[in-house]
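First comes the structure, then the notes that go with it.
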DNA sequence: ATAGAAATATTGTTGAACAATATTGACATT
DNA sequence: AATGTCAATATTGTTCAACAATATTTCTAT
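Protein chains in written order, with UniProt numbering: chain W, 1 to 220; chain E, 1 to 220.
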């Protein structure tokens with residue numbers, strides 16, 4: 001299952017490895033990523049590593065300061081607001097024009113089921129990734145390769161923000177039922193209502209994130 | 001005016017220069033970009049050039065084939081359909097939630113005026129760039145840095161498609177009046193109608209592009 | 001304790017090197 | 001003439017070592 005990208009250019013494989021470190025929280029926001037240390041750690045040349053850094057910088061996961069190096073991006077209120085603006089645009093837009101028979105709807109339903117099961121088991125990380133799958137499926141409704149790719153980037157950036165949070169239960173758990181409702185609305189061919197529901201979902205999630213960020217920055 | 005990106009990393013400046021070549025049509029779709037030739041041409045090392053190539057590949061302007069090199073992306077029907085799907089989502093979405101007093105509306109109006117003037121002078125290239133400015137202003141309505149950046153990427157990809165066309169007058173000129181109408185609708189606080197109008201605009205433009213592509217590929 | 005200067009480390013960029021892969025061209029076979 | 005094979009050549013993939021330019025740290029004098 002762990003596709004390590006056999007055959008892909010080294011820089012891409014590297015970027016992927018570092019990305020997983022970033023979204024799994026093993027690298028903290030603001031932390032500096034020394035070229036020497038990382039090229040050593042991954043056993044690649046500095047040049048290859050720099051290519052990977054550039055890719056990740058373009059994805060918004062790293063920040064580059066001239067002559068000072070690259071740093072893990074630090075989520076701010078502004079970035080969270082922006083990210084949720086994007087999500088409202090893409091996810092609500094996808095839902096609004098969704099076709100009742102689209103295969104992605106089954107993926108949405110499956111994600112809801114999975115979230116339910118995980119929640120029942122108290123597996124909050126599992127609930128989180130099922131939730132993730134749900135929203136990816138929503139974007140799939142748009143049938144656009146470019147939108148999918150863009151959403152993936154936004155999604156990774158958001159996961160970086162999750163790293164700041166310590167309370168995954170409170171963050172994802174309440175949303176499972178809303179996902180269910182949204183799925184049902186699409187299944188019964190009421191895309192407008194589904195989009196409206198998604199909008200309230202996202203506004204709520206946004207406020208939750210902002211609140212959490214506020215709490216986190218008070219501590220620091 | 002020509003911001004050559006003083007202080008930015010070399011790879012970024014390079015990418016920008018090559019991007020200009022691409023969207024101005026000086027490099028043709030499908031053409032191979034030899035590392036040796038280009039690092040020589042721009043007087044930079046192969047390593048730096050490769051970083052730039054990676055950036056542009058991520059933007060969808062270049063295509064990378066393992067051990068074979070990078071090529072200018074060749075627009076296909078699929079890519080045009082996808083691009084217009086994205087444009088409908090972003091531009092209609094921006095309009096739908098537009099606030100009557102948003103400063104970007106003045107930019108839209110200004111772009112319409114400029115397009116009018118250029119058209120009167122028969123300056124079709126000028127009409128094209130004014131049209132471009134109009135749509136960028138529409139995205140500005142969303143107040144999202146990430147959406148703006150994404151749209152810029154999509155926009156560059158579309159300009160690559162324009163390169164296939166030989167008839168800028170027929171391509172842009174008929175749309176000036178629609179832009180005017182859309183702007184008026186937003187100015188008079190009728191965002192829903194503006195979005196609907198934009199949707200017909202984009203469907204029309206999409207069909208025009210597809211038709212042109214078809215003609216172009218018949219010749220080849 | 002602080003300002004400034006010297007010493008050190010890091011990034012930015014280059015050029016050369018070499019292995020791995022792709023393309024070309026010569027040659028033989030049908 | 002068309003096709004297949006194999007060596008010769010060119011290109012990409014990646015590394016390494018070097019050095020200039022810029023930051024950071026350490027040291028010193030006040």
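Ideal Cβ placement from N, Cα and C applies to all residues, glycine included.
- By the neighbour-count criterion, in which 16 or more other beta carbons inside 10 Å mark a residue as buried, residue 101 of chain W falls on the exposed side.
- Counting along the chain, the unbroken beta strand (DSSP E) around residue 71 of chain E starts and ends at 69-72.
- Under the three-pair Cβ rule at 8 Å, the stretch 122-131 of chain W does not count as touching the stretch 5-24 of chain E.
- Relative to residue 13 of chain W, the option among W:24, W:51 and W:34 whose CA is nearest is W:51.
- Annotation: Cβ neighbours of residue 51 of chain E in chain W (cutoff 8 Å, chain order): 50, 51 and 54.
- Within the same chain, Cβ atoms closer than 8 Å to the Cβ of residue 160 of chain W are found at 22, 23, 29, 61, 72, 73 and 75, the five residues on either side in sequence being excluded.
- With a threshold of 7 Å between beta carbons, residue 108 of chain W makes no contact with chain E.
- Leaving aside the five residues that flank residue 124 of chain W on each side, the residues in its chain whose CB is nearer than 8 Å to its CB run, in chain order, 118, 168, 169, 172 and 173.
- For residue 65 of chain E, the enclosing beta strand (DSSP E) covers residues 62-65.
- For the stretch 145-158 of chain E, the beta-carbon criterion of a distance under 8 Å to any beta-carbon of chain W is satisfied by 145, 146, 147, 150 and 154.
- The bridge partners DSSP lists for residue 33 of chain W are W:70.
- For residue 86 of chain W, the C-beta contacts it makes with chain E under 7 Å involve 144, 146 and 147, in order along the chain.
- Between the stretch 89-106 of chain W and the stretch 40-54 of chain W there are fewer than three inter-stretch CB-CB distances shorter than 8 Å, so the stretches are not counted as touching.
- Within chain W, the residues 89 and 93 have their CB atoms less than 7 Å from the CB of residue 93 of chain E, given in chain order.
- Counting only Cβ-Cβ distances below 9 Å, residue 47 of chain W has contacts in chain E at 47, 50 and 51, in chain order.
- Taking a Cβ-Cβ cut-off of 8 Å, the neighbours of residue 66 of chain E in chain W comprise 7, 8 and 9, given in sequence order.
- Contact between residue 96 of chain W and residue 195 of chain W is confirmed by a C-beta separation of about 4 Å, below the 8 Å threshold.
- Residue 190 of chain E sits in coil when the DSSP states are folded into three classes, being neither helix nor strand.
- For the set E:183, E:156, E:42 and E:152, the Cα lying nearest the Cα of residue 103 of chain E is the one of E:183.
- With respect to the C-alpha of residue 162 of chain E, the residue from E:66, E:212, E:198 and E:146 having the closest C-alpha is E:212.
- Membership of residue 128 of chain E in the alpha helix (DSSP H) is indicated by the continuous run 124-140.
- Just so you know, the alpha carbons of residue 190 of chain E and residue 166 of chain W end up roughly 44 Å apart.
- A check of alpha carbon separations from residue 45 of chain W across W:10, W:214 and W:115 identifies W:10 as the nearest.
- Using a CB distance cut-off of 7 Å, residue 177 of chain E does not count as an interface residue toward chain W.
- Annotation: residue 88 of chain E is outside any alpha helix (DSSP H) and is labelled neither H nor E by DSSP.
- In the three-state DSSP reduction, residue 75 of chain W falls in the coil class, being neither helix nor strand.
- Residue 123 of chain E is outside the set of residues whose beta carbon lies under 7 Å from a beta carbon in chain W.
- Contact between residue 210 of chain E and residue 77 of chain E is confirmed by a C-beta separation of about 6 Å, below the 8 Å threshold.
- Counting only Cβ-Cβ distances below 7 Å, residue 140 of chain E has no contacts in chain W at all, with the closest Cβ about 13 Å away.
- When 8 Å is used as the limit between beta carbons, residue 58 of chain E is near these residues of chain W: 55 and 58, in chain order.
- Separation of residue 113 of chain E and residue 179 of chain E (C-alpha to C-alpha, rounded to the nearest whole angstrom) is 10 Å.
- Residue contact check for residue 40 of chain E against chain W: no CB pair falls below 7 Å.
- The Cβ-Cβ distance between residue 164 of chain E and residue 216 of chain E falls below 7 Å.
- When DSSP states are grouped into helix, strand and coil, residue 47 of chain W belongs to the helix group.
- Neighbours of residue 167 of chain W in chain E, taken as residues whose beta carbon is under 7 Å from its own, are absent, since the nearest beta carbon is some 26 Å off.
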